[in-house]
Every structure is written in structure tokens, then in C-alpha cells.
Amino acid sequence: MSKVNRRRDCIVDVNDDDVRTPFGLLDGRTLCEILVRLPVKSLLQVKCVCKHWRSLVRDPYFVGLHCNRSKACPKLLIFVCRPLSLLFSVDLFEGGVLLDQMKLELPYEHNPHRILNLVNGLGCFVHSKGTVLIYNPCTGDKTSWIESRVLKENNRVNRPFYGFGFDSKTKEHKVVCVWHSDDTSGYETGAIDVCEVLTVGQNTWRMIDDVPPYKAYGESVYVNGVVYWLSTYNYAHSST
Numbered sequence: 001m002s003k004v005n006r007r008r009d010c011i012v013d014v015n016d017d018d019v020r021t022p023f024g025l026l027d028g029r030t031l032c033e034i035l036v037r038l039p040v041k042s043l044l045q046v047k048c049v050c051k052h053w054r055s056l057v058r059d060p061y062f063v064g065l066h067c068n069r070s071k072a073c074p075k076l077l078i079f080v081c082r083p084l085s086l087l088f089s090v091d092l093f094e095g096g097v098l099l100d101q102m103k104l105e106l107p108y109e110h111n112p113h114r115i116l117n118l119v120n121g122l123g124c125f126v127h128s129k130g131t132v133l134i135y136n137p138c139t140g141d142k143t144s145w146i147e148s149r150v151l152k153e154n155n156r157v158n159r160p161f162y163g164f165g166f167d168s169k170t171k172e173h174k175v176v177c178v179w180h181s182d183d184t185s186g187y188e189t190g191a192i193d194v195c196e197v198l199t200v201g202q203n204t205w206r207m208i209d210d211v212p213p214y215k216a217y218g219e220s221v222y223v224n225g226v227v228y229w230l231s232t233y234n235y236a237h238s239s240t
């Protein structure tokens, strides 16, 4: 049997009891347990074995398993946006040894404005023009720059505050963006607060009708499934 045909015989599904591989039948969960122990560079090679293995490595469930195992050996990721978009991985337990360096090929004419916190192996890049990009440094997969729905429909807002986290109930990564108006009169009437949420994988923003009456400040922090901001009460929402 040719190598091409043997690759086509490879069927991988985490939920399958038996998986056909070039080496015979293999339990799907066993295969997943084997692959999840591989380092990132090896996973990139595994993606080229066959379409099914590629799908497995890119599956959110598998990514979550790999990230959970990686927590036992935490690494520091350093993002440098100028003059080149570079991502460095440093081992925290080996005296700060540089483990890896990769150049990010981001589809934009300018470098991203900043990167939000890394959650379960996924990073969210934010551009000053109100677009976001989701990037997986383990697999190299990334989305295109996703434009804000708010900016298309409302030109009175210009101050976005982003948060990035993981919804444990739906098992989805989400980006939340709270927009404040460009009203410079403090908390007087006329100020606008708008909120939109992006679910990773859908690549479209949806509006949130009920916006809390608070103004966010600074960068958000994601801890144990919750996104936090420093905030103050927005009296523009008060009825009195």
C-alpha cells in the first residue's frame, strides 16, 4: 500500500472507540493522550500527517488539554511589536532560557496596537483601528482582522476597552469590548456606552443591550473565568 493510501486510512476522532491508523486500530482517546504530550514544534509536524490529525490538533478540546498540561511548566511569552512582530517564549523554571522565537505574519499594513492576555493558548491582538485578531501560537493558526460592528453603526464612540476570556459554560473563548463616547463633558448627558461581544470561531460581533452603568479604565484582567476592569459609576445613565 502506498504512503498516500495509508494516510487516507488514518481516521481520528476523540470520541471513537477504535481509530484506524497506518499501524492498525488505535483507541481515539489513547491517540489523543499521546499527541497531547508532544511539544508545540512536534504538533506542527503532526498536522501534516493527515487531515484528521490536523483537525484533532486544531480542535478546541485538544487545545484545552494541551494547555492544561503546559501549566505544569509555565512559560513567559513576550510580544515585541516594533520594528517586527515577534513572540518570544521563555522558560520560567530554567533560569529564563529562551525556548522559542517566532515571527508573526499578521495580515495588516501596520503592527497590532497591543496584545491582550493569553487564555488557554489563544492570544487576542488589538489594533488601534478597532479590529481584533485571534492567534494560536502553538499551531500558528490565526483569524483575519475582525472589524467592530459598533464603529460601522455609531461614529460617536471612540474609546474601546477590551477584555478576553474563556466561558466555562459554553466552552468558548470570547472578546468583550465596551465603547465610551467621545463626549468630553465628563459624566453629563449625551455620553454613550455600547458593548459588543465576539465569540471566537464565529468571527462576528454581536451587540449587548444591557450595558452596566460604569466607565472602564485601563487594561482588563482575566482571572478564573471573570474579566475585571477598574471602573467608576457613570452618572450619564442615572435617571436623576
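Under the UniProt record's numbering, the residue at position 232 of the sequence shown is numbered 232, and the numbers go up by one with no gaps. The beta carbon of each residue, even a glycine, is placed where N, CA and C say it ideally should be. Given the structure is predicted, the values throughout are model-derived calculations rather than measurements.
Assigned secondary structure, Ser168 (DSSP; H/G/I helix, E/B strand, else coil)
To locate residue 168, count along the sequence shown from 1; it is residue 168. DSSP places Ser168 in coil when its eight states are reduced to three.
Check the DSSP bridge columns for Val160 and list the partner residues they point to.
Translated into the one-based positions of the sequence shown, residue 160 becomes position 160. For the sequence presented, residue 160 should be read as Pro rather than Val. BP columns for Pro160 point to Trp179.
So if DSSP puts Cys195 in a beta bridge, which residue, or which two residues, is it bridged to?
For the purposes of this step, residue 195 is taken as residue 195 along the sequence shown, with counting starting at 1. Answer is Val178 and Ile208, bridged to Cys195.
DSSP state of Lys215, grouped into three classes?
Translated into the one-based positions of the sequence shown, residue 215 becomes position 215. DSSP places Lys215 in strand when its eight states are reduced to three.
Tell me whether Gly123 is buried or exposed, calling it buried when 16 or more other Cβ atoms sit within 10 Å of its Cβ.
Here residue 123 refers to the residue found at position 123 of the sequence shown. Per the 10 Å Cβ criterion, buried.
Using CA coordinates, which residue listed in Leu118, Leu133, Gly64 and Tyr61 is at the minimum distance from Gln202?
Start at 1 with the first residue of the sequence shown, and residue 202 comes out as number 202. Comparing Cα positions, the closest option is Leu133.
6 Å Cβ shell around Phe161 - same chain, five flanking residues per side excluded
Sequence index remark: in the sequence shown, residue 161 carries index 161 (1-based). Spatial neighbours of Phe161 in its own chain (CB-CB distance under 6 Å, excluding positions within 5 residues in sequence) are listed in chain order as Val178 and Ala216.
Would you kindly work out how many angstroms separate the C-alpha atoms of Val200 and Val157, rounded to a whole number?
In the sequence shown, residue 200 corresponds to position 200, counting from 1. In the sequence shown, residue 157 corresponds to position 157, counting from 1. Approximately 24 Å, taken between the alpha carbons.
Rounded Cβ spacing between Glu147 and Gly163 (contact assumed at less than 8 Å):
Translated into positions along the sequence shown, residue 147 becomes position 147. Translated into positions along the sequence shown, residue 163 becomes position 163. Not confirmed; about 18 Å, so no contact.
Excluding the 5 residues flanking Cys67 on each side, which residues of the same chain have their C-beta closer than 6 Å to its C-beta?
Working through the sequence shown from its first residue, we reach residue 67 at position 67. Cβ neighbours of Cys67 beyond the five flanking positions: Asn120 and Gly121.
Quick check on this structure: which residue in Asn224, Gly218, Val223 and Tyr214 has the alpha carbon closest to the alpha carbon of Tyr233?
Locating residue 233 in the sequence shown gives position 233, where the first residue counts as 1. When only C-alpha atoms are compared, the closest one is Tyr214.
DSSP three-state assignment for Gly64, whether helix, strand or coil
Locating residue 64 in the sequence shown gives position 64, counting from the first residue. Residue state, collapsed to three classes: helix.
Can you name the start and end residues of the alpha helix (DSSP H) that Leu133 belongs to?
By one-based count along the sequence shown, residue 133 stands at place 133. No alpha helix (DSSP H) holds Leu133; the beta strand (DSSP E) holding it covers Thr131 to Tyr135.
Please look up how many angstroms separate the CB atoms of Lys174 and Gly165, rounded, as I've assumed it's under 8 Å.
The sequence position of residue 174 within the sequence shown is 174, counting from 1. The sequence position of residue 165 within the sequence shown is 165, counting from 1. Rounded to the nearest angstrom, the Cβ distance from Lys174 to Gly165 is 6 Å, consistent with a contact under 8 Å.
Distance between Pro39 and Asp59 (C-alpha atoms, nearest Å)
Here residue 59 refers to the residue found at position 59 when the sequence shown is read from its first residue. Here residue 39 refers to the residue found at position 39 when the sequence shown is read from its first residue. Cα to Cα, Asp59 sits roughly 16 Å from Pro39.
Near Ser185, which residues of its chain fall below 7 Å by C-beta distance, leaving aside the five closest residues on each side in sequence?
Residue numbering aside, residue 185 sits at position 185 when the sequence shown is read from its first letter. Confidence at Ser185 is low in this model, with a pLDDT of 48, below 50, so the placement of that residue should be treated as unreliable; the coordinate-derived value is given next. Answer for Ser185: no residue qualifies.
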